[in-house]
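The sequence shown begins at 7 in my numbering and counts up one residue at a time. Even glycine gets a Cβ: it sits at the ideal position worked out from N, Cα and C. Scroll down for the structure; my scribbles are underneath it.
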Amino acid sequence: MIRTSMIAALALAGSAGAALAGPMSNPPTERTICIDVGGQSLPVVCRVPASRLDKREDFCLCHQGARVIAPVCGPGQKAPAENLAYERARRDAARDGSLLGDLYRGQPMCVAARDPLSNN
């Protein structure tokens, strides 16, 4: 009896955890990036699921620079080209820790979605 109830409790806990993780078919709408004081992009270190289909990032750290949340470019959108003017605009826009809703020359300051095959 105890064994049966223990198995049922573990199964229930496992299904609740899967529900909290969210659907795998939805790609993320935002990513973490690191930028330095001048607005230049720096490397970010993220813990990601061990799946080639799941593009989410569980936890990200910036060893240098500021941690900023940026929107993922939608279908047909491209990230703005990295140049001095864009870096300055990104630096100013990221003062609140986010680039969500910020524009550069009428275009969202978005970033490309993470490609699980290239580990970036």
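Tell me residue i's beta-bridge partners as DSSP assigns them.
i: Leu-67; result: Val-51
i: Ala-100; result: Paired residue(s): none; Ala-100 is not in a bridge.
i: Gln-113; result: Tyr-110
Determine the closest residue to residue i out of the options, with distance taken between C-alpha atoms.
i: Ser-47; options: Gly-71, Leu-67, Asp-108 and Glu-36; result: Gly-71
i: Thr-38; options: Ala-100, Gly-112 and Tyr-110; result: Ala-100
i: Ile-75; options: Gly-103, Arg-96, Gly-112 and Met-115; result: Gly-103
i: Tyr-110; options: Arg-120, Ala-95, Val-117 and Ala-119; result: Ala-95
i: Cys-61; options: Pro-34, Pro-114 and Gly-107; result: Reading off the sequence, residue 61 comes out as Lys, not Cys. Cα-wise, what sits closest to Lys-61 is Pro-34.
i: Leu-67; options: Cys-40, Val-78 and Met-115; result: Cys-40
i: Gly-44; options: Leu-105, Asp-64 and Arg-97; result: Arg-97
What did DSSP end up calling residue i once you bin it into helix, strand or coil?
i: Ser-31; result: Confidence at Ser-31 is low in this model, with a pLDDT of 37, below 50, so its placement is unreliable and the value that follows should be read with caution. In this structure, Ser-31 counts as coil in the three-state DSSP scheme.
i: Arg-94; result: helix
i: Arg-73; result: strand
Hey, does residue i have any beta-carbon neighbour from chain B nearer than 8 Å?
i: Gly-71; result: Here there is only one protein chain, and chain B is not present.
From which residue to which residue does the beta strand (DSSP E) around residue i run?
i: Cys-40; result: 36 to 41
Check your understanding: When the Cβ atoms of the region 89 to 97 are set against those of the region 49 to 59, are three or more pairs found closer than 8 Å?
Key -> no
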